[in-house]
Amino acid sequence: MTRIWDPTPDHIAYLGSRLRAGELVAMPTETVYGLAGNMWDPQAVARIFAVKERPHFDPLIVHLPLPGESLNLGYLQDQGVVRIDGIPVTVRPVLEALLRACWPGPLTVVLPRSAGLLDLVTSGLETVAVRIPNHPVAQALLRAAQVPLAAPSANRFGRISPTTAAAVEQELQGRIDHILDGGRCGVGVESTIVVCHGDGSWQCLRPGGIPVEVIQAYLGPERSESPQEQPLLVSRQRTPSQLAPGQLDSHYAPRTPFFRLDSAWSHLPPTTWQALRDWVGSRKVGILVWQGDPATLVAWFQSQWHGSVRVWSLSPDGDPVTAAQQLFQVLRELDASGSDVLLTEPIPLTTGLGPALQDRLRRASTLWVAPET
Ligand code: TXA
Ligand code: MG
């Protein structure tokens with residue numbers, strides 16, 4: 002039986018004690034809901050993988066409370082998470098400046114791991130992913146739990162990340178005991194993941210809520226090779242391509258077939274429109290547009306297909322912050338809309354939240370190519 006809890010101080014104190022006792026709690030963060038368990042408890046961590054049906058080669062992010070005193074790398078080490086002597090001395094000051102600027106917030110850093118960590122948390126890697134979330138309820142729960150919480154997104158593996166308690170319930174009902182309801186997530190896409198290498202260079206493993214430009218301002222230009230081509234800071238056992246499995250190509254995916262065009266709706270040439278019309282035939286279509294008012298757009302799309310069309314807009318106001326907040330919820334609604342096929346245009350933004358939006362949409366969909374005639 003899954004129970005949804007309001008975030009009262011009593012409930013949070015109780016759920017903190019349940020976490021210490023090895024139970025799992027779906028908790029709100031500013032990015033997406035996480036499925037949290039005591040990082041030190043092998044059974045709790047194993048249950049996270051089982052509940053999500055997540056492969057063991059995909060490591061978890063460790064979540065920490067904001068420290069009472071100044072935030073520095075020593076804090077990450079004192080919590081039993083990070084091993085500072087694996088971080089080059091020259092990198093430490095700029096890294097600390099970055100962490101102070103972005104934490105609490107949607108930044109995850111991959112650093113050398115403490116020897117005492119469970120191998121299950123890091124999938125046996127020599128590195129660990131860590132972040133301090135910026136959500137008052139997550140912070141209160143972390144303080145109440147008194148242990149660091151390992152938490153992946155609270156969805157079944159490969160599915161759409163949840164940004165509301167109701168979406169967590171849809172994903173994990175009956176599989177977990179507790180969902181702590183902290184309302185709708187403010188950022189709406191997951192944290193940006195950055196790995197710091199032993200030579201002082203860094204790479205973005207997953208674009209997310211903190212724009213990569215912000216990280217560049219502290220750490221300098223990103224190393225140019227793709228993460229797949231270079232081993233991480235220190236790695237053992239794994240092939241480099243296994244090191245960031247969140248990079249798996251199909252992810253965040255609706256169940257309804259979901260296709261992505263290679264140009265904006267407004268720029269589709271007439272021949273492509275005709276091919277798309279022929280391909281869709283009499284199927285019911287769910288449309289995603291990047292911006293604009295769905296009510297006015299729907300008439301235009303109906304004139305193109307003369308059939309059943311429903312339209313969702315990511316950002317009626319054209320604001321990328323709104324688009325990120327809405328993305329996963331809109332994907333859920335599209336999936337539940339009874340459409341036979343879903344179609345989207347690409348996201349036109351390349352800076353700020355643009356890369357995160359593009360990445361999630363690309364992994365959720367398949368590129369549509371006009372069939373040969
Ligand atoms: O915003 C977020 O980051 C959310 C909230 C709940 O904090 N969490 C989240 O977790 O997105 P998850 O498990 O869905 O994605 C974590 C990603 C995975 O792709 C995993 O491969 C990567 O982090 N990761 C974890 N540890 C890593 C490591 N040592 N090296 C490289 N990638 C790592
Ligand atoms: Mg996830």
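Residue 2 is where the sequence shown starts when you use this note's numbering, and the numbers rise one by one after that. For every residue, glycine included, the Cβ atom is placed at its ideal position computed from N, Cα and C.
- With contacts defined as CB atoms closer than 7 Å, Val195 and Val110 qualify as a contacting pair.
- When DSSP states are grouped into helix, strand and coil, Leu108 belongs to the strand group.
- C-alpha of Tyr34 to C-alpha of Glu373: approximately 43 Å in a straight line.
- Between Ile133 and Leu65 the beta-carbon gap is near 5 Å, inside 8 Å, which marks them as a contact.
- Gln80 sits in coil when the DSSP states are folded into three classes, being neither helix nor strand.
- DSSP places Ser267 in the helix class (H, G or I) of the three-state scheme.
- Gly319 and Gly293 have their C-alpha atoms spaced approximately 7 Å apart.
- Counting only runs that start and end inside the segment 114–157, the alpha helix (DSSP H) elements of at least 4 residues fall at 120–123, 137–146.
- Restricting attention to Ala300, Ser304, Arg84, Phe259, the CA atom closest to the CA of Leu289 is found in Phe259.
- The beta carbon of Leu354 sits closer than 8 Å to those of Val190, Gly210, Pro212, Pro321, Val322, Ala324, Ala325, all from its chain and outside the five residues before and after it, given in chain order.
- At least 7 Å separates the beta-carbon of Leu72 from that of Pro105.
- Bridge pairing for Ser304: absent [DSSP].
- Not one heavy atom of the ligand MG falls within 6 Å of the beta-carbon of Ser225.
- Pro137 is not a Cβ neighbour of Asp360, given a cutoff of 7 Å.
- Remark: C-beta atoms of Val63 and Val131 approach each other more closely than 7 Å.
- CA-to-CA, the gap between Ile88 and Trp203 works out to about 12 Å.
- For Val111, the distance from the CB to the nearest heavy atom of the ligand TXA is below 6 Å.
- Annotation for Pro349: Ala265, Trp291, Gly355 place their beta carbon closer than 8 Å to its own, counting only its chain and skipping 5 residues before and after.
- Taking 6 Å as the cut-off, the C-beta of Ser154 counts as close to a heavy atom of the ligand MG.
- In terms of Cα proximity to Thr297, the closest of Val312, Gly308, His307, Val286 is Val312.
- One Cα belongs to Val215, the other to Gly199, and the distance between them is close to 21 Å.
- Leu277 and Gln147 have their C-alpha atoms roughly 55 Å apart.
- DSSP places Ser18 in the uninterrupted alpha helix (DSSP H) bounded by 10–21.
- Residue environment: Met28 is assigned as buried (16 or more neighbouring CB atoms within 10 Å of its CB, all protein chains considered).
- Residues of the same chain with a CB within less than 8 Å of the CB of Leu77, apart from the 5 flanking positions on each side, are Leu65, Val83, Ile85, Leu112, Val131 in chain order.
- When DSSP reads this structure, Cys197 sits in a beta bridge with Trp203.
- Excluding residues up to 5 positions away in sequence, Thr3, Ile5, Ile180 lie with their Cβ nearer than 8 Å to the Cβ of Glu170 in the same chain.
- Listed in chain order, the non-local C-beta contacts of Leu121 below 6 Å within the same chain comprise Val46, local neighbours out to five positions each way being set aside.
- Leu150 is the residue among Ala254, Phe329, Ile161, Leu150 whose C-alpha sits nearest the C-alpha of Arg21.
- A direct Cα-Cα distance of roughly 25 Å separates Glu223 from Glu31.
- Taking Arg363 as reference, the option from Leu344, Trp301, Ser314 with the minimal CA-CA separation is Leu344.
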